[in-house]
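J.: Position in the sequence shown (from 1) plus 7 gives the number in my numbering.
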Amino acid sequence: MHHTRIHGLDLARALAILGMMTAHLGPHHPWLAALSNGFPSALFAVLAGISLGLMHERADATGGPALTAARHRTLLRGVILVALGMVLATVQSAIAVVLGSIGAIYLALGTCTRWHTGYLVTGAVVLPLLGWGLGLYQPQPELLAQSPLLSGVYPVLDWLAYGLFGMALYRALATGLGARLALTALGLLAGGYAVWQRHLTGELGHGGNPLDVPYSYAVATGVIGLCLLLTGPRAATAVLYPLRSMGTMALTVYVAHVLTAAIPLGGYPDYHAAPQEAVYATSPAKGPAPAGPEPGKPSDLAMPGAPDAISPSAQGHPAWWLGSIVAALALCCLWRARYRRGPLEEALRRATYLGSSPTVGAIA
8 MHHTRIHGLD
18 LARALAILGM
28 MTAHLGPHHP
38 WLAALSNGFP
48 SALFAVLAGI
58 SLGLMHERAD
68 ATGGPALTAA
78 RHRTLLRGVI
88 LVALGMVLAT
98 VQSAIAVVLG
108 SIGAIYLALG
118 TCTRWHTGYL
128 VTGAVVLPLL
138 GWGLGLYQPQ
148 PELLAQSPLL
158 SGVYPVLDWL
168 AYGLFGMALY
178 RALATGLGAR
188 LALTALGLLA
198 GGYAVWQRHL
208 TGELGHGGNP
218 LDVPYSYAVA
228 TGVIGLCLLL
238 TGPRAATAVL
248 YPLRSMGTMA
258 LTVYVAHVLT
268 AAIPLGGYPD
278 YHAAPQEAVY
288 ATSPAKGPAP
298 AGPEPGKPSD
308 LAMPGAPDAI
318 SPSAQGHPAW
328 WLGSIVAALA
338 LCCLWRARYR
348 RGPLEEALRR
358 ATYLGSSPTV
368 GAIA
């Protein structure tokens, strides 16, 4: 089960990355939009919760100094991911970066890995309801728009809920083949309904709909369960090697994708463009109208149908999309032929171990 588990999770990470690439660059098709906007980033967060549980598995059983060191490494990982997310969000303005909320999972949930499964499930249910309730009864809406816990494309409370759900889901999937089959079937059925509903309503996720989180739970359960089942046979595992290679380098591929996708999306400032005067919806004498966000600029307001790409093209960028996928698959296979981890994955691992260990030799 160990190798099947690792290979399956790598495959699921690759699908999450491919989904985000599609949301940012893919052709505009109603079914593609329903499937790729919101669900892949939530899947990424659920997988972060599973990874957190895996990283703490041995230390949770041992306790003592080993558990303390594991929690320290988790905190460092969270800090680094948040910082990396801030850098990516600063250098480009086309794509809403998910790494900050992923980092929050490691920062806030490192002490939750020993919780009883019932507590994890309770947290995964309560946190989204809490965020929805606070947003509904917020007496000062302008404060809501400034709160990273409740608003933005990736509200932190929802992403913490995805992390808790991931830890609980991993335990359920690890109980046996029967549980994996049942959860996968249930997830695919409920997730298929969620995608169909998104297709009918035109919502793109991240829209403040109370059903966004349970829909994402269902899709993540179906995808992860299916990936675990697909990587059971050795022949299938070998065929899926390019995707699994991408999954082992998910952080590297995501960062490279954000930096390159911002080029066709116009996410980098044009320093040669002539400065323009402010554009008002009414005459300056009447004062500027409170218009929406400037095109190409991030909007922190959660709105129905908020896409992962802040400045999407009317037709998408299918050539860039396909080129990015092919390049990522090819380069990941070449890298994995020589190295065990991707460059950013290795750097992150070394930074967390060096930051939590008095000896450099503890990395090996």
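No residue lacks a Cβ here, since even glycine has one placed at the ideal position from N, Cα and C. Predicted model only: the values in this text are computed from it and were never measured.
1. Roughly how many angstroms lie between the CA atoms of W327 and A245, to the nearest whole one?
2. Around the C-beta of L188, are 16 or more other C-beta atoms found within 10 angstroms, so that it is buried, or is it exposed?
3. With H, G and I counted as helix, E and B as strand and the rest as coil, what does DSSP make of I102?
4. Is L355 near L22, with beta carbons less than 9 angstroms apart?
5. Between the Cα of V128 and the Cα atoms of L114, A103 and L167, which residue gives the shortest distance?
6. DSSP three-state call for E210: helix, strand or coil?
7. Checking 9 angstroms against the spacing of the C-beta atoms, do V98 and Y275 come in under that value?
8. What's the gap between the Cα of A334 and the Cα of I13?
9. Is it true that the segment 77-85 meets the segment 107-115, where meeting means three or more beta-carbon pairs spaced less than 8 angstroms apart?
10. Give me the Cα-Cα distance between T69 and T191, rounded to the nearest whole angstrom.
11. From E353 to L143, what distance separates their C-alpha atoms?
12. Out of G159, V132, A73 and L61, which one is the CA nearest neighbour of S108?
13. What three-state label does DSSP hand T238 in the structure shown?
T.: On the basis of the coordinates in this document:
1. Roughly 28 angstroms separates the two Cα atoms.
2. By the neighbour-count rule (16 or more Cβ atoms within 10 Å), L188 is not buried but exposed.
3. Per DSSP, reduced to three states, the secondary structure at I102 is strand.
4. A distance of 9 angstroms or more separates the beta carbons of L355 and L22.
5. L167 is the residue among L114, A103 and L167 whose C-alpha sits nearest the C-alpha of V128.
6. Coil, per DSSP.
7. The answer is yes: Cβ separation under 9 angstroms.
8. Looking at the two C-alpha atoms, the distance is approximately 23 angstroms.
9. Segments in contact, yes.
10. So the alpha carbons of these two residues sit roughly 31 angstroms apart.
11. Their Cα atoms are separated by approximately 43 angstroms.
12. Cα-wise, what sits closest to S108 is G159.
13. Coil at T238, not helix or strand.
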